[in-house]
Amino acid sequence: MAEISTRYRTTPEQLKAANPDIQDPDQLRIDQTVRVPIGEGYGVEPIEREVKPGETLADLAAQYRQPPVELARANRHNTGGTQEPLVVGQKVWIPGTRSPDVTPTGPAPSPLEAKVQATDAAAQRVAEAQRQYDDMNASTQGRGAAMPWLQDNLNTARKGLDTAVQSEIAQRAGPGATDAAWKTAADTVSARYANDPATAAPVDASIKKVTLDRQTQAIVDTAKAAGDPQKAMQSLSDQYAKAPAEVQDALRIHDGARAVIDDAAKWALEPVQGKPDGSMGPQAPGREAMERLNKLTETLDPALAGRVVLAATPGIEQYVQRYQGEFGGQPFGPDGVSNLVTTLGRVADAPGGATAIDRIAKLGIWDYGGISNAIGQGANPAYALALAKQPGVDATMVLDAVQGGVSAFRQKTEDDVKAYGAHMEELSWLVANHGGSMTTQQLDQAIADYKKDKGQAWADQAEALRRKVADDGEKLLEQMASLSPLPSELASHQGQVDKTLEAALSDPAAQVAIENALQTRPEIVTGERGQRLLEFVNTTPLAVSAKVSDQVRKLSQELATAHVKATVIGAIGPDFDPKNPASVQRATNALESLRSNTQWAKAMGLEGQALNKTIDALKNTVPAAGESADDVAKRLTALDSQLDGLKGFDKSTFKGQMLRGVGLALAGVGFLSSVDKAQMDPTLKNQLKVVIDAAGLGQKGFELYAGLTGASSSSTAGRLGGAFASKLLGGLTAGIDAWSSAESFAKGDIPSGILYGVGAGGGLLAALGTGSLAGPIGLGLVVVSAVGLAIWNGTKEANKHEFDSDGGASMRFLEHAGFDAEASRALVDHSGDGHSTVPLLEQYARTQGLDLSDPADHGRYVQWVNDMPAEKLAALRDSLHRTADEFEGDASRFKATADDDKWVVPDTAQRPWFAASGAAQPESAAQLNAVLAVLGVPPLT
Numbered sequence: 001m002a003e004i005s006t007r008y009r010t011t012p013e014q015l016k017a018a019n020p021d022i023q024d025p026d027q028l029r030i031d032q033t034v035r036v037p038i039g040e041g042y043g044v045e046p047i048e049r050e051v052k053p054g055e056t057l058a059d060l061a062a063q064y065r066q067p068p069v070e071l072a073r074a075n076r077h078n079t080g081g082t083q084e085p086l087v088v089g090q091k092v093w094i095p096g097t098r099s100p101d102v103t104p105t106g107p108a109p110s111p112l113e114a115k116v117q118a119t120d121a122a123a124q125r126v127a128e129a130q131r132q133y134d135d136m137n138a139s140t141q142g143r144g145a146a147m148p149w150l151q152d153n154l155n156t157a158r159k160g161l162d163t164a165v166q167s168e169i170a171q172r173a174g175p176g177a178t179d180a181a182w183k184t185a186a187d188t189v190s191a192r193y194a195n196d197p198a199t200a201a202p203v204d205a206s207i208k209k210v211t212l213d214r215q216t217q218a219i220v221d222t223a224k225a226a227g228d229p230q231k232a233m234q235s236l237s238d239q240y241a242k243a244p245a246e247v248q249d250a251l252r253i254h255d256g257a258r259a260v261i262d263d264a265a266k267w268a269l270e271p272v273q274g275k276p277d278g279s280m281g282p283q284a285p286g287r288e289a290m291e292r293l294n295k296l297t298e299t300l301d302p303a304l305a306g307r308v309v310l311a312a313t314p315g316i317e318q319y320v321q322r323y324q325g326e327f328g329g330q331p332f333g334p335d336g337v338s339n340l341v342t343t344l345g346r347v348a349d350a351p352g353g354a355t356a357i358d359r360i361a362k363l364g365i366w367d368y369g370g371i372s373n374a375i376g377q378g379a380n381p382a383y384a385l386a387l388a389k390q391p392g393v394d395a396t397m398v399l400d401a402v403q404g405g406v407s408a409f410r411q412k413t414e415d416d417v418k419a420y421g422a423h424m425e426e427l428s429w430l431v432a433n434h435g436g437s438m439t440t441q442q443l444d445q446a447i448a449d450y451k452k453d454k455g456q457a458w459a460d461q462a463e464a465l466r467r468k469v470a471d472d473g474e475k476l477l478e479q480m481a482s483l484s485p486l487p488s489e490l491a492s493h494q495g496q497v498d499k500t501l502e503a504a505l506s507d508p509a510a511q512v513a514i515e516n517a518l519q520t521r522p523e524i525v526t527g528e529r530g531q532r533l534l535e536f537v538n539t540t541p542l543a544v545s546a547k548v549s550d551q552v553r554k555l556s557q558e559l560a561t562a563h564v565k566a567t568v569i570g571a572i573g574p575d576f577d578p579k580n581p582a583s584v585q586r587a588t589n590a591l592e593s594l595r596s597n598t599q600w601a602k603a604m605g606l607e608g609q610a611l612n613k614t615i616d617a618l619k620n621t622v623p624a625a626g627e628s629a630d631d632v633a634k635r636l637t638a639l640d641s642q643l644d645g646l647k648g649f650d651k652s653t654f655k656g657q658m659l660r661g662v663g664l665a666l667a668g669v670g671f672l673s674s675v676d677k678a679q680m681d682p683t684l685k686n687q688l689k690v691v692i693d694a695a696g697l698g699q700k701g702f703e704l705y706a707g708l709t710g711a712s713s714s715s716t717a718g719r720l721g722g723a724f725a726s727k728l729l730g731g732l733t734a735g736i737d738a739w740s741s742a743e744s745f746a747k748g749d750i751p752s753g754i755l756y757g758v759g760a761g762g763g764l765l766a767a768l769g770t771g772s773l774a775g776p777i778g779l780g781l782v783v784v785s786a787v788g789l790a791i792w793n794g795t796k797e798a799n800k801h802e803f804d805s806d807g808g809a810s811m812r813f814l815e816h817a818g819f820d821a822e823a824s825r826a827l828v829d830h831s832g833d834g835h836s837t838v839p840l841l842e843q844y845a846r847t848q849g850l851d852l853s854d855p856a857d858h859g860r861y862v863q864w865v866n867d868m869p870a871e872k873l874a875a876l877r878d879s880l881h882r883t884a885d886e887f888e889g890d891a892s893r894f895k896a897t898a899d900d901d902k903w904v905v906p907d908t909a910q911r912p913w914f915a916a917s918g919a920a921q922p923e924s925a926a927q928l929n930a931v932l933a934v935l936g937v938p939p940l941t
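Under the UniProt record's numbering, the first residue of the sequence shown is numbered 1, with each subsequent residue one higher.
As structure tokens, then:
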């Protein structure tokens, strides 16, 4: 009856009243009589129109100036849709016209009006097709015989709507439309259907699809216009890497993109097309093809590199078959195999990569030197492992080549780390020896001025060397994760391979490189790759090795931390706002991802109820909009209590500190984002202190607070912009890196205080400036100490940082602490073993009760040094030279008192010429005060 009521311009209610015998108005019988009241206040006779060649229902709607929707509803059982041509001679009802003589009048619709009418009709057709499908599905529980036909009908209608929507948007946006113009046009189309749920959803779906098609086609067109297959592939990859996830998904199945990939693969294999001729040596074509494939994929996004390699695989298979039929033996030679191993290792985790590796491994392509050399340059050994599993292959020999390669790459890593350390040695020495006498701001400025003096070329080289160290660490981690545990087919070789991995895990340079990679590139512990790395530390037999179990534990912690930084802290972002539901949902989803990540939970030692309670406590730290600092503090206190109740997560452990830091990021950033203040005034400082104190970070929380409220514009916190929320998030990220490094190396070869605590205010103040491992200075400090470089303590370098040897660099650096030129010049005269006396003076100040992070105490310390007459300062310095050499440069051995004070102190007074001439050797504050008394210098108070 709905169709009839539309056709006669009446209502279903009037038809029901006129036909009381009809029980179900939606189930009429063929040839059933239906009475339709006609007249004033009732229905109107429709026109019956015979279809002419080529006409559509949309055409008739335009001619009779009626909505296409009405014509479609009036002819539901007679037509296939508003856009498809009708059958010539077919009768079509034109509803609601009073006179049968009515003919269309007025001008034809404009191009845009025609497009609008076409979209309206197409949307109605989809809505009707969807209704028919849903009705049949509901009445037959999805088993109706017409279901396939109805699905096809719905699909056809959707395609028609896609075409109509695309055409209308293009008409509205105009030729060569910008993305902004296209979006404006698309929004206009969408708005027209906002109040009609039946058409709004399909129209919006079509808008999304055609917009996505437009974006992907533009990327493909740009790539094809770039030039030869290499350039086209690189262009496609560059654009793919920057595209949103949905565009990337569409590109991977786009015919045009596949054509670009296929063309690139064909280009790489051009040298091996056709029958091998052997004119340049039988292996030359294969070597050239593998070199091309390696260079082609080297700079591609891994997802596309994997598809290029997979596209090239059939060609490789065919060439190997032809080659062996013609010449026999191996087709690529050492260099060709090396390029192949590098290429396949690059795509091991990419879609299609594993398939390509398995297929090529079945070909038996092999060369001992080729495999070893590739892995020795950092290649993933995925292909070698797949080859070693093949029937008839000598797995022992293949794995021997792999182990040799890993050992060679470990040596390369050490060389690169030392090269970085050598480049950063001077600045690292200055920071370690003079930085403790400076405030954070002074240290930042000293470093900035040093870098300025060195010039941009020095800074560029430092960054290039640092990136190389991170590259090495990332690749070495990949190699280790690939080799432990080995595939089950190679399990009998695990013990031998583990010896190589133990050597890598025990190597300080390797540790530095891996930690640098994880701190600067935490995203490597996300996705499938991240799961594999976490699984490595959770399942490797090395976890129970007496030699390296502690290193595996630390690595597990670092991987888990990197995952949290990349996912949770990355999801929080400096724009986190509790008032924004999408912002809160983003953070909540990130936390929930930790709950479901069993490998992360295992690496953290959080499982079962402990995991659930911790995630719930973290989620509870997200403040509600408008909460006070005290309200936010209560949330953090709850998290602190929850972590205190878990073994291994109290305030003294890094894992406990890290999770408290995450909670503080959620609570603190959420709180600060709602603060509408341009300056860190006293009120806001107090509120921030309440929030930070509640997190349970202790001294580290104080350092964070001091760094944030006193950060200079050149520090990490200062550089993050004016938003306090951004500064807090940046400070926490740097802090987590610093805390991790401090724990990782505290029990190793790096002296206490080198990495953590180089600033006057303590560890995190340095991290907020430039002292975390993620920063170039912190890494330089670690490198110089960790790998035992001779430049650090070698006696032959004793005078390297003195005034006459370094052009005054050490003196200029020390002046930033506030020492005058005369005092600075005196203090850069070092001991016979090359030790500075400045750390001893700092330690003396601490034994006297001064806190050098306090501006007043710092000022008294600096003024005390500046007030000393030159000859007195020189004598004190010379005496401290003897102390520094006795302590081997470790100022922490200088205490307030010593066991021999009872005779050294009076002896100093009884034989004053030793102190007066700089020949004393004070080994405690009490002994130093005795020396000062001889010199006539008041003690520091």
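Quick reminder that beta carbons are idealized off the backbone N, C-alpha and C, glycines included.
Check: Identity of the residue in S482, A245, D829, A123 nearest D806 by Cα; Outcome: D829
Check: Straight-line gap, A305 to W429 (C-alpha atoms, nearest Å); Outcome: 43 Å
Check: Residue burial classification, I692 (beta-carbon count within 10 angstroms, cutoff 16); Outcome: buried
Check: V92 in three-state terms, based on DSSP; Outcome: strand
Check: Beta-ladder partner(s) of K475, from DSSP; Outcome: According to DSSP, which records beta bridges pairwise, K475 is partnered with nothing at all.
Check: DSSP-derived helix/strand/coil call for R49; Outcome: strand
Check: For L814 and A446, the rounded distance between their alpha carbons; Outcome: 8 Å
Check: For S713, the three-state DSSP class (helix, strand or coil); Outcome: With a pLDDT of only 40 at S713, under 50, the local geometry of the prediction cannot be trusted, and the value read off the model is given with reservation. Of the three classes helix, strand and coil, the one that applies to S713 here is coil, per DSSP.
Check: Inter-residue Cα distance where the pair is Q599 and V525; Outcome: 11 Å
Check: Contiguous beta strand (DSSP E) assignments of at least 3 residues, all confined to the stretch 253-305; Outcome: none
Check: Pair within 8 Å by beta-carbon distance, R49 and E3; Outcome: no
Check: Whole-angstrom C-beta distance between V165 and D120, which should lie under 8 Å; Outcome: That pair is no contact at about 11 Å.
Check: Pair within 8 Å by beta-carbon distance, G315 and Q283; Outcome: no
Check: Own chain residues within Cβ distance below 6 Å of F536, not counting five before or after; Outcome: A481
Check: Three or more C-beta pairs below 8 Å linking the stretch 471-491 and the stretch 437-456; Outcome: no
Check: Proximity winner among T199, A191, S190, relative to A157 (alpha-carbon distances); Outcome: T199
Check: Pick from A845, N19, E886, E326 that is closest to Y861, judged by C-alpha positions; Outcome: A845
Check: With 16 other Cβ atoms within 10 Å as the buried cut-off, status of L768; Outcome: Residue placement at L768 is poorly supported in this model, since its pLDDT is 40, which falls under 50; the coordinates still yield a value, given next. Per the 10 Å Cβ criterion, buried.
Check: Beta-carbon separation (whole angstroms), V398 vs A388, contact threshold 8 Å; Outcome: 4 Å
Check: Residues bridged to G641 (per DSSP); Outcome: The question names Gly, but residue 641 in the sequence shown is Ser. Its beta-bridge partners do not exist; DSSP assigns none.
Check: Check whether I94 and I38 have beta carbons under 8 Å apart; Outcome: no
Check: Under the three-state DSSP convention, the category T621 falls into; Outcome: coil
Check: Residue environment, Q496, which counts as buried when at least 16 other CB atoms sit within 10 Å; Outcome: exposed
Check: Residue from G345, A601, D21, D301 whose Cα sits closest to the Cα of L534; Outcome: A601
Check: Pairwise C-alpha distance: A181 and A504; Outcome: 56 Å
Check: Rounded straight-line distance, which links the Cα of A264 to that of R346; Outcome: 17 Å
Check: Sequence-distant residues of the same chain with beta carbon closer than 6 Å to V937, five excluded per side; Outcome: M868, K872
Check: Classification of Q239 by the beta-carbon crowding that lies within 10 angstroms, buried from 16 upward; Outcome: buried
Check: Cutoff 7 Å; reference A7; Cβ partners in own chain excluding five residues on either side; Outcome: Here residue 7 turns out to be Arg, not Ala, going by the sequence shown. Only P46, A74, W93, P95 meet the Cβ criterion.
Check: Sequence-distant residues of the same chain with beta carbon closer than 6 Å to L15, five excluded per side; Outcome: M1, S5
Check: Through-space distance from D644 to G670, alpha-carbon basis; Outcome: 24 Å
Check: Cβ neighbour criterion (16 or more within 10 Å) applied to N686; Outcome: exposed
Check: Burial state of I615 (16 or more Cβ within 10 Å); Outcome: buried
Check: Min CB distance T313 to chain B below 8 Å; Outcome: The structure shown contains no chain B, having only a single protein chain.
Check: CB contact flag (S372, G404, <8 Å); Outcome: yes
Check: C-beta atoms of A930 and A909 nearer than 8 Å; Outcome: yes
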